[in-house]
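Peer 1: Handing you a structure now.
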Amino acid sequence: MALLEIQDLHASVDGHEILKGVNLTINAGEVHSIMGPNGSGKSTLAAVLARRETYDVTGGRILLDGKDLVEMKPEEAAREGVFLAFQYPVEIPGIGNAYFLRSALNAIRKHRGQDELDAMDFLPLYKERMKLLEMDDKLMNRSVNEGFSGGEKKRNEILQLAVLEPKLAILDETDSGLDIDALRIVARGVNAMRGPDRAFLVITHYQRLLDYITPDFVHVLVDGKIVRSGGPELALELEDTGYGSAEASVPAALRA
Amino acid sequence: MSSSVDTIRGLAEQDYKWGFVTDVAEDRVPKGLNEDIVRLISARKGEPEFMLEWRLNALRHWFTMKREEGEPKWANLTISPIDYQNISYYSAPVKKPQLDNLDQVDPEILRTYEKLGIPLLEQQRLAGVAVDAVFDSVSVATTFKGKLAEMGVIFCSFSEAVQKHPELIKKYLGSVVPQTDNFYAALNAAVFTDGSFVYVPKGVRCPMELSTYFRINAAETGQFERTLIIADEGAQVSYLEGCTAPIRDENQLHAAVVELIALDNAQIKYSTVQNWYPGDKEGRGGIYNFVTKRGKCLGVNSKISWTQVETGSAITWKYPSCILQGDNSVGEFYSVALTNNRQQADTGTKMIHIGKNTRSTIVSKGISAGYGQNTYRGQVKILKSATGARNYTQCDSLLIGDRCGAHTFPYIEVRNATARMEHEASTSKIGENQLFYLRQRGLTAEDAVSMIVNGFCKTVFKELPMEFAVEAQKLLGVSLEGSVG
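Put into structure tokens, the structure is as follows:
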């Protein structure tokens, strides 16, 4: 059984249809990349998978491990193992990073029938993952993302991923706003979390991130539909020729 | 925000948990306000002559105020007219309690307090907190008097203090909030029934937190409690005030007066968690909480801190304040005020800097939800004599949903050029993106709202004594149920 099955997915926001029939299958252990021009629906796809309620699913199905994902609320999808690394992580003043992450982890563990971790048990795990993302211990008790630089915010997203250990990790333009060093660290974190029980959906604009996180599959999303799929070399081809060529390769009748 | 709104709205609304009535025979005074009623109250309490005279004086002031100006109308509040003649100003349980012996207390009353979650016996054994429980105008039990008495600390009902420590009452009563201070203070001075009295002698650090619980029970009885706390030179005391009240249809008036006096090098910390009945969702019923609280830092190096969490009452109107008279004195005000459904609040503080090198800190967190209207009103007044004064004010509002309101009226008056003032203010909403972020990590919408609100209130909760901090967080959660993110 595939980890994620998206069948003819249609989704809209404020009455405008953005996704116009997306089909995608992701198996555990795979890293898929979605690329595409601005407005193609990449972030919408990420938001729909994470069950953001401002987006309406108007057609099609999404199955996570065979379960109907569209029926789930955001927290339910999260507990079933969906993780979204946000493009613009929000700040939550007054809530410490460690406290927040431990609460989230315990909500997920409880759902899985595991014991909740108290602060003493949680700390070593948290510190170890912080080292992986080269984050300062001092950030532990700072408020979530408050006063963080862009790079720190993105690294904090991957840190949370590393602690929560999701089945399906969606990275929404994680590379945007990152310098080369931060990119390297983020990629290292992601690669360290690759494994047979986990799948990644890496949404990106530019090929650069894929130099560090080598995908198994690359898909091109144009105007709400996947118009082309291939291996990692497809990303390099797109860099040379741009998205127009991808669209051009789709027969006119299929172009929405 | 469609279905998460519905989710939160659809959550089982918790009925006001403490909305029940105790069946105890009462001794009530007929409705109405006049000299005869005041004499009756004073006689029932067996007060000495000076106290009666003080009350009558206040009553005369009140009648004059009523006639000449009427009720104050400057607040940002909509108040239904109050018929002062249609209120009974005294209600006491019939059994005259033995103050030293809990066994003599009407078991019904003790059961009431257990229901409220404050079993006196348990508190006595575990927390080591001395409790002076006020039940509808009469102090029912005062515990730990013995232990405190060893240290010379006086902690008793106000009524008892009038009998046993008249010299202290005469010296300090009205010295911080005079009878003529305002309309409701005058009313209180005429008809106050009971409250707490604390005196901590020189150099004594009170070893336990002192606490009082109140309950408005009888229909149409207002609560007019009067509290006086004196910390002598070098003394320290922490006092907790928490209140609950049952469901009623008519608005009930609560016009209390609290006076604090700190002498040289003394410190008083006064913490309140207030959840009086707030009225139903349409704004019917609920307590009118019109309170005058003021502390005087009389001595040098003295300090008075107010910490409050106000989630109840239909209308909250109070400005716990500090008069910083002694040199180097410090005043603090930490507040969380919540208005949900149709609640209204006009609350804040006054810091009056008189002595040299005085310092004040104001942290006000207002949360509005439903149709709630939350107003912060603060005054920082630096007199000409107040050389080297410093004030820091932080005033934050959090709006939940799009039908509530947050308002701010800061008054800053500086008459000494060496003063340093900092004023920060912010207004924010709980955004859908914040909620979604927390939910995407596995937390329910309800937990997410609770987490965000607690984060917002953190700086204030940190100031609460531990016993209250937990109750305050729970209270906030309960009060926000049914509100929207």
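If you read the sequences in order, they're chains G and X. Terminal number for the first sequence in this note's numbering: 295, no gaps in between. Terminal number for the second sequence in this note's numbering: 487, no gaps in between. In this text, a Cβ means the ideal position worked out from N, Cα and C, and glycines have one as well. Fair warning: this is a prediction, and the values are worked out from it, not measured in the lab.
#1: Comparing alpha-carbon positions, which option in X:Trp308, X:Arg62, X:Asn88, X:Lys172 lies nearest X:Ala188?
#2: Here's a check: name, in chain order, each residue in its chain whose Cβ is nearer than 8 Å to the Cβ of X:Lys98, leaving out the five neighbours to either side.
#3: Does any residue of chain X bring its CB to less than 7 Å from the CB of G:Val129?
#4: Taking only runs of the alpha helix (DSSP H) that begin and end inside the segment 242-299 of chain X, which ones reach a length of at least 4 residues, in chain order?
#5: Flag this pair as touching only if the segment 374-390 of chain X and the segment 398-414 of chain X have three or more C-beta atom pairs under 8 Å; answer yes or no.
#6: Just to make sure I have the definition right: I need the residues of chain X whose C-beta is within less than 7 Å of the C-beta of G:Pro113. Which are they?
#7: State buried or exposed for X:Lys271, treating a residue as buried only when at least 16 other CB atoms are found within 10 Å of its CB.
#8: Comparing C-alpha positions only, which one of X:Ile432, X:Lys295, X:Asp234, X:Val293 sits nearest to X:Ala447?
#9: What does X:Val311 pair with, by DSSP beta-bridge criteria?
#10: Drop a sphere of 10 angstroms on the beta-carbon of G:Lys193, count the other beta-carbons inside from all chains shown, and report buried for 16 or more, exposed for fewer.
#11: Quick check on X:Gly368 - is its C-beta less than 7 Å from some C-beta in chain G?
#12: Determine, for G:Ile16, whether the minimum Cβ-Cβ distance to residues of chain X falls below 7 Å.
#13: If we count the other Cβ atoms within 10 Å of its Cβ and call it buried at 16 or more, is G:Leu180 buried or exposed?
#14: According to DSSP, is G:Asp250 helix, strand or coil?
#15: With a CB to CB cut of under 8 Å and the five nearest residues on each side skipped, what residues in its chain are close to X:Leu385?
#16: Could you work out which residues of chain X lie near G:Leu178, taking near to mean beta carbons separated by less than 9 Å?
#17: Check the Cβ of X:Met453 against every Cβ in chain G and list those closer than 8 Å, keeping chain order.
#18: State the Cα-Cα distance for the pair G:Asn66 and X:Gly288, rounded to the nearest angstrom.
#19: Roughly how many angstroms lie between the CA atoms of X:Ala45 and X:Tyr91, to the nearest whole one?
#20: Looking at chain X, is there any beta carbon in it that lies within less than 7 Å of the beta carbon of G:Arg100?
#21: Any heavy atom of the ligand SAM closer than 6 Å to the CB of X:Ala450?
#22: Counting C-beta neighbours from all protein chains within 10 Å, is the total for X:Trp308 16 or more, i.e. buried, or is it exposed?
#23: Within the same chain, show all residues whose beta-carbon is closer than 6 Å to that of X:Ala258, passing over the 5 residues directly before and after it, in chain order.
#24: Are there 16 or more other CB atoms within 10 angstroms of the CB of X:Gln181, so buried, or fewer, so exposed?
#25: Using a cut-off of 8 Å between C-beta atoms, extract the partners of X:Gly457 located in chain G.
#26: Using the Cα positions of G:Gly283 and G:Val266, report the straight-line distance between them to the nearest angstrom.
#27: Would you check if the segment 124-133 of chain G and the segment 451-470 of chain X touch, i.e. whether three or more CB-CB distances between them fall below 8 Å?
#28: Taking the straight line between their C-alpha atoms, what separation do you get for X:Leu58 and G:Phe139?
#29: Can you tell me which of G:Phe239, G:Asp279, G:Gly190, G:Lys264 puts its alpha carbon nearest to the alpha carbon of G:Ser72?
#30: Rounded to the nearest angstrom, how far is the Cβ of G:Ile101 from that of G:Gly80, given a contact under 8 Å?
#31: Is DSSP giving X:Tyr413 helix, strand or coil here?
#32: Assign G:His150 to one of three DSSP states: helix, strand, or coil.
#33: Could you tell me which residues DSSP puts in a beta bridge with X:Thr349?
#34: Is it buried or exposed for X:Pro50, if we count other Cβ within 10 angstroms and need 16 for buried?
#35: Please check the pair X:Glu267 and X:Asn303, which I expect to be a contact at CB under 8 Å, by giving their CB distance rounded to whole angstroms.
#36: Could you round the C-beta distance between X:Glu465 and X:Tyr336 to whole angstroms and report it? I think they count as a contact, below 8 Å.
Peer 2: On the basis of the supplied data:
#1: X:Arg62
#2: Note that X:Lys98 scores 39 on pLDDT, short of 50, meaning its location in the model is unreliable and no value can be drawn from it.
#3: yes
#4: none
#5: yes
#6: Phe438, Arg441, Gln442
#7: buried
#8: X:Ile432
#9: X:Val275, X:Val338
#10: buried
#11: no
#12: Shown here, chain G extends from 40 to 295; a query on residue 16 of chain G therefore has no answer.
#13: The sequence given here has Asn at residue 180 of chain G, not Leu. When all chains shown are included, G:Asn180 counts as exposed.
#14: helix
#15: Ile354, His355, Ile356, Arg417, Asn418
#16: The premise fails here: G:Leu178 is roughly 16 Å from chain X at the closest Cβ pair, so nothing lies under 9 Å.
#17: Ile131, Ile134, Phe139, Ser142
#18: 59 Å
#19: 14 Å
#20: no
#21: The model depicted lacks the ligand SAM and carries no ligand whatsoever.
#22: buried
#23: Glu227, Val293
#24: buried
#25: Ile131, Pro132, Gly133, Ile134, Ser182
#26: 11 Å
#27: yes
#28: 58 Å
#29: G:Phe239
#30: G:Ile101 to G:Gly80, Cβ: 14 Å. No contact.
#31: strand
#32: helix
#33: X:Lys320, X:Tyr378
#34: exposed
#35: A quick correction: the sequence has Asn, not Glu, at residue 267 of chain X. Sure, about 5 Å apart at Cβ, within 8 Å.
#36: 4 Å
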